[in-house]
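Have a look at the structure below, then the notes.
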Amino acid sequence: MGVDRKAEEERLIALMIGYQKGNMDDFEGLYAALKQPLLRYLWTFVRNATMAEDLLQDTFLQIHRARQTYTPPRPVRPWVYAITRHVALMHLRSGRRRKEMLADDQLPEIPVPPEMEKFADRATLHQMLSELPHHSQEVLMLHHLLGMSFQEVGQILGIASGTAKVRSHRALKALRERLGEKEGGDA
Amino acid sequence: MNTELLPESLRETISNDLAPVRPLPPAWIRTLYAVAVAAAGLAMVVAAFKLSLRPDMEQLPMWLSWGCTALQLIVGVVLVGMALREAVPGSGVPAGAVTLAVSTGVLMQILVGVATWMHSPGMPLIKGHGLKAGVTCSTHDLALALPALAITLWLVFRALPLRPSIAGLLGGTGAAVTADAINHVLCPMSDLRHVLVWHTGMLFGLMLVGWFAGKLWERKRFGQG
Chain A
1 MGVDRKAEEE RLIALMIGYQ KGNMDDFEGL YAALKQPLLR YLWTFVRNAT
51 MAEDLLQDTF LQIHRARQTY TPPRPVRPWV YAITRHVALM HLRSGRRRKE
101 MLADDQLPEI PVPPEMEKFA DRATLHQMLS ELPHHSQEVL MLHHLLGMSF
151 QEVGQILGIA SGTAKVRSHR ALKALRERLG EKEGGDA
Chain B
188 MNTELLPESL RETISNDLAP VRPLPPAWIR TLYAVAVAAA GLAMVVAAFK
238 LSLRPDMEQL PMWLSWGCTA LQLIVGVVLV GMALREAVPG SGVPAGAVTL
288 AVSTGVLMQI LVGVATWMHS PGMPLIKGHG LKAGVTCSTH DLALALPALA
338 ITLWLVFRAL PLRPSIAGLL GGTGAAVTAD AINHVLCPMS DLRHVLVWHT
388 GMLFGLMLVG WFAGKLWERK RFGQG
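The listed protein sequences derive, respectively, from chains A and B. Counting along the first sequence from 1, when you hit position 27 you're at 27 in the numbering used here, and nothing is skipped either side. Counting along the second sequence from 1, when you hit position 129 you're at 316 in the numbering used here, and nothing is skipped either side.
This is the structure:
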């Protein structure tokens, strides 16, 4: 973990401790720090900006109800992302998703892992990423875009860190193969 | 502070319910709570049913009598600890570890039963009395497991298990293995038909109870399951 990451994690822990003590400013700080990365993560589930915003509110309500289950000084992010993932999965299971999905041309951009940007233009990568199975997208998002360690990814997904690493490796390999097929097809 | 980022409805909901909370202790401390309550419960059940050690204790080698009981107790406590860990978001137990732990608990119960039968036939299974003996032993198993099961599930559901049926399954198996560890040195019968039908059957029954309790809790808490 880099110095910035460590400092950020320590800041999140301090905010979480303050929030558990009943400090509203600390909750707001937590919300401000986590809003954007959580929205990006929620997008990978619902592909709908408005729905992601709604689910973000649900997520923070769940976080609020479960705030005593966070034990300092454990890292905050695996705890928060596991709750977020659960909120998204519950939403998907509820069957509301299909009615609320937007057409493809209205989808927000699916972020592209920096490692992949050298392989093709962004539009192609977005297309390829969106075609990957969700569990592959999720690991790529958590590890490559949100900068989590494989241990943290494993904690969020309830899998071993080795399994998270293998999934990430396979997802990148699948992306490369699809890009190779596309280039072969274009030639 | 970035107050403009926070939707007003969310701000109002949170600020109206912002009482200080005490963080949950780490899983190992909650496991110690569970062990203390379960131990007291086991002692009360043994006293209430006036249970005594099996008559063939001296025929069994130490590793098979108290040794296996100690080993099963350790496995039971580990399973309870895993259930309590699973109950906290972001510290879920990998599926492989769940499978391994649950299988170990079940296999150990069966292997201890077989090894005991090979060393000592115990009290013979009298024709026509198998059902009565089985019901008695199952009642003891259930009573011995209940304190551990109740405290474990209470601690699990007080947290926020995101996979409650898995947490319940781990807790149910842990409680059942703990009860079997004690009943192993109390039940006078070694006949495999008795052990596999009634004791192993109760083990599976308690596993199902834990799993089902998780499903019910999930339905109540999240409206699904």
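Glycine included, each C-beta is placed from N, C-alpha and C at the ideal position.
Beta-bridge partners of residue i, as assigned by DSSP
i, result
"B:G309", "B:M376"
Residues near residue i in its chain [Cβ-Cβ closer than 8 Å; skip 5 each side]
i, result
"B:A346", "L211, L271, A274, V275"
"B:A284", "M269"
"A:K6", "none"
"B:M244", "S252, V372"
"B:M231", "P334"
"A:K165", "F150"
Nearest to residue i (by Cα), restricted to the options the options
i, options, result
"B:M310", "B:P242, B:L356, B:L349", "B:P242"
"A:N48", "A:A33, A:R67, A:K21, A:H91", "A:H91"
"A:T71", "A:E9, A:M16, A:E10, A:K6", "A:M16"
"B:H371", "B:I297, B:L333, B:E405, B:F409", "B:I297"
"B:A206", "A:H64, A:R85, A:M141, A:I83", "A:H64"
"B:F236", "B:W341, B:D328, B:K402, B:D378", "B:D328"
"A:I83", "A:L42, A:G22, A:P73", "A:L42"
"A:G180", "A:L125, A:E10, A:D54, A:A66", "A:L125"
"B:G228", "B:T365, B:G279, B:T286, B:K407", "B:T365"
"B:D378", "B:L260, B:K314, B:A214, B:K402", "B:K314"
"A:P73", "B:P213, B:L383, B:S202", "B:P213"
"B:V289", "B:P281, B:L266, B:V301, B:H306", "B:L266"
"A:G147", "A:A33, A:G22, A:E10, A:P37", "A:P37"
"A:Q62", "B:P334, B:L349, B:I369", "B:L349"
"B:V382", "B:L333, B:L294, B:K407, B:L395", "B:L294"
"B:L193", "A:D4, A:G18, A:D58", "A:D58"
"A:T69", "B:F344, B:P375, B:T387, B:M376", "B:F344"
"B:L312", "B:P248, B:C374, B:L258, B:Y220", "B:C374"
"B:C324", "B:T387, B:R408, B:E199", "B:T387"
"A:M24", "B:R198, B:Q246, B:M394", "B:R198"
"A:E9", "A:F60, A:E53, A:G22, A:E152", "A:E152"
Status (buried if at least 16 other CB within 10 Å, exposed otherwise) for residue i
i, result
"A:W79", "buried"
"B:S252", "buried"
"B:G397", "buried"
"A:E138", "buried"
"B:G410", "exposed"
"B:R380", "exposed"
"A:P133", "exposed"
"B:S239", "exposed"
"B:W385", "buried"
"A:T50", "exposed"
"A:I156", "buried"
"B:A400", "buried"
"B:T326", "exposed"
"B:T303", "buried"
"B:I216", "exposed"
"A:M128", "buried"
"B:W404", "buried"
"B:T286", "exposed"
"B:A330", "buried"
"B:S307", "buried"
"B:R406", "exposed"
"B:G254", "exposed"
"A:S94", "exposed"
"A:S136", "buried"
"B:A234", "exposed"
"B:R209", "exposed"
"B:A257", "exposed"
"A:L30", "buried"
"A:A171", "buried"
"A:E28", "buried"
"B:M376", "buried"
Close-in-space but distant-in-sequence residues of the same chain around residue i (CB under 7 Å, 5 per side omitted)
i, result
"A:L55", "L42, V46, V87, A88, H91"
"B:L260", "T365, A368"
"A:L34", "V80"
"A:L174", "Residue identity differs from the one stated: residue 174 of chain A is Ala in this sequence, not Leu. Hits under 7 Å: L132, S136."
"A:R67", "Y19, Q20"
"A:D26", "L15, G18, Y19"
"A:R85", "I156"
"B:L247", "T303, H306, S307"
Beta-carbon contacts of residue i that lie in its chain and below 6 Å, excluding the five residues immediately before and after
i, result
"A:L12", "V76"
"A:S168", "V139, H143"
"B:A335", "A225, A362, T365"
"A:A160", "G154"
For the region 317-325 of chain B against the region 351-360 of chain B, are there 3 or more C-beta pairs whose distance is under 8 Å? The region 317-325 of chain B, when compared against the region 351-360 of chain B, does not touch it at the 8 Å Cβ threshold.
Flag this pair as touching only if the region 217-227 of chain B and the region 326-345 of chain B have three or more C-beta atom pairs under 8 Å; answer yes or no. yes
What are the residues of the region 188-209 of chain B that lie near chain E, defined by any Cβ-Cβ distance shorter than 9 Å? The chain inventory of the structure shown lacks chain E, comprising the protein chains A and B.
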